[in-house]
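Just so we're aligned: the sequence shown equals residues 1 to 450 in the UniProt record's numbering.
In this text, a Cβ means the ideal position worked out from N, Cα and C, and glycines have one as well.
As the structure is a prediction and not an experimental result, all values here were calculated from the model.
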Amino acid sequence: MSHADAAAMRPRRFLPTGPLKGRIRVPGDKSISHRSIMLGALAVGETRVTGLLEGEDVLATAAAMRAMGASVERVGNSESGGEWVVNGVGVGALLQPEAPLDMGNSGTSTRLLMGLIASHPITATFIGDASLSKRPMGRVITPLSQMGASFEASEGGRLPLILKGTSPAVPITYRLPVASAQVKSAVLLAGLNTPGRTTVIEPVPTRDHSERMLKGFGAQLEVEVEPDGTRIITVTGEAELRPQVIDVPGDPSSAAFFIVAALLVPGSEVLIENVGLNPTRAGLVSVLRQMGGDITEVNPREVGGEPVADLLVKHSVLKGIDVDPEIAPAMIDEFPVLFVAASLAEGKTTTSGLDELRVKESDRLAVMAAALTAAGARIEEREDGLVIEGTGGEALPGTEAAIATHLDHRIAMSMAVAGLVSRGGVEVDDTRPIATSFPVFESMLAGLVA
Ligand SMILES: O=C(O)C1=C[C@@H](OP(=O)(O)O)[C@@H](O)[C@H](O)C1
Ligand SMILES: C=C(OP(=O)(O)O)C(=O)O
């Protein structure tokens, strides 16, 4: 990191706190927000979105879709967040962007847009921040090359990269080698402008927002489930998408920080409204319940084609468990904050099968092991998971020196939660990355502890 970057960093010490009390409504789901803009930009006519997450990652997607001809505008504010209108160009009609597409910190924007562009006759350069430029793009380059796109990537299949799309692209059948909704979505989105049937075989189910939303936008999409759970997802192109009215549910990955904070801080009772509980996303709630967490679903309902409920969370004494690796895809972004919960539980928590955490915004196994160890937790780092010996509810000592967050929002917010349940506070080196997914995190926290 340069001196200029270091000077711009925004450190903060998160201090121990009294009970969290009150009700909050977390911002819209990041995955659904990205897809609302992308699919809206491919539909002819006006798509209206309420509750859009106005985080930097989603704004990067919005800027990219504008650069390729769509109109994406904020028109107002509703109780659940931003109100946006997207006017699309139609599948097959994306324009050549004039400047490099700056994806910032966002893996989802990068990989899904690579899919979209791969089957259009345009060329785009993708750039991103230091964190994103370390992340592997080979996982999407491989299938998209089979469809006919070509790539000039930096060493190891990384950003910056130039993608030359093709039209007509070639439909493929692709078996996912990693459990990744981003790779699945990239291939399905490329399939929209590809004549014929493009199929993704998914041995381990991952978040299914692309499938739900593609159907909602009128694409011809079939999902077959084999007896062993393998999912075979086929989109038929060339598709015509119809504009939609979308209400984005609250992001369970953002709610996660307040769920864990309320469970850990004695005396807490928090109602988190409008939380998306799609089964492909709700792994953390079920793991925390197995650990003894008191989490009640109030008023279950459907919002924007997704199951949603208000979650009433009360302080609980948590017990360590062996976390079933099969649940990992349904809570892949929630492990950093689960590690914090486990650090305060009674007994040992074992996690495994988490190799994917090493290629997120940071190496989330190594970075969380170092951060929690510095805060006084007892952590063993293994190749594919952490083993954590909890304190049994006793506060962590806290940190002297600042925790290195490596441009990773989830590390910053997880260690903020650790600070609330420490004796001396936890110093986080940089809170700026929080704005990528949860710009109002700090003000919401302040409201609950006031
Ligand atoms: O498709 C998506 O919206 C996402 C998929 C996941 O990534 P992977 O596909 O790399 O698992 C997740 O970590 C990310 O925050 C959002
Ligand atoms: C992994 C994440 O996002 P992305 O891949 O979009 O950068 C995340 O939000 O935790």
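Query raised in the report: Mind checking residue 405: buried by the 16 CB within 10 Å criterion, or exposed?
Result: buried
Query raised in the report: Between 392, 84 and 208, which lies nearest to residue 47 when the distance is taken from Cα to Cα?
Result: 84
Query - Any 3 or more C-beta pairs closer than 8 Å across the region 65 to 73 and the region 242 to 260 - result: Fewer than three beta-carbon pairs drawn from the region 65 to 73 and the region 242 to 260 are found closer than 8 Å, and the two stretches are therefore not classed as touching.
**Report entry** Whole-Å CB distance - residue 254 paired with residue 438, under 8 Å assumed
**Finding:** Right, their Cβ atoms sit about 5 Å apart.
Report task. Use the C-beta contact count for residue 109: other C-beta atoms within 10 angstroms, 16 or more gives buried, fewer gives exposed. Result -> buried
Requested in this report: Can you give me the Cβ contacts of residue 1 inside the same chain, cut-off strictly under 7 Å, excluding the 5 residues immediately before and after it?
Outcome: Legend: pLDDT at residue 1 = 47, less than 50; position of this residue unreliable, value from coordinates given subsequently. Once the five neighbours on either side are set aside, residue 1 has no close Cβ partner at all.
**Report entry** Residues near residue 55 by beta carbon distance below 6 Å, same chain, minus five either side
**Finding:** 436, 437 and 439
Query raised in the report: With DSSP run on the structure shown, which of helix, strand or coil describes residue 442?
Result: It is helical.
Report task. With a 10 Å radius around its C-beta and 16 neighbouring C-beta atoms as the bar for buried, classify residue 357 as buried or exposed. Result -> buried
Query raised in the report: Just to confirm, does residue 27 get its C-beta within under 8 Å of one of the non-hydrogen atoms of ligand 1?
Result: no
Query - Closer than 8 Å: residue 175 CB and nearest ligand 2 heavy atom - result: no
**Report entry** Cα-Cα separation between residue 40 and residue 87, rounded to whole angstroms
**Finding:** 7 Å
Query raised in the report: Just checking, does the region 263 to 277 make contact with the region 121 to 139 on the three C-beta pairs under 8 Å criterion?
Result: no
Query raised in the report: What's the gap between the Cα of residue 329 and the Cα of residue 30?
Result: Straight-line measurement puts the Cα of residue 30 at about 16 Å from the Cα of residue 329.
Query raised in the report: For ligand 1, any of its heavy atoms closer than 8 Å to the Cβ of residue 412?
Result: no
Query - Residue range of the unbroken alpha helix (DSSP H) whose run includes residue 416 - result: Residue 416 -> alpha helix (DSSP H) spans 409 to 420.
Requested in this report: Answer with yes or no whether the minimum CB distance from residue 405 to chain D is below 9 Å.
Outcome: The structure shown has no chain D; it contains just one protein chain.
Query raised in the report: Roughly how far, in whole angstroms, is the beta-carbon of residue 396 from the beta-carbon of residue 343, given that I think they are within contact range, below 8 Å?
Result: The C-beta distance from residue 396 to residue 343 rounds to 6 Å, short enough to fall under 8 Å.
Report task. Mind reading off the beta-carbon distance from residue 302 to residue 311? Whole number of angstroms is fine, and I expect it under 8 Å. Result -> Not a contact, Cβ separation roughly 16 Å.
Report task. Kindly give me the distance between the Cβ atoms of residue 20 and residue 261, rounded to whole angstroms, as I take these residues to be in contact under 8 Å. Result -> 6 Å
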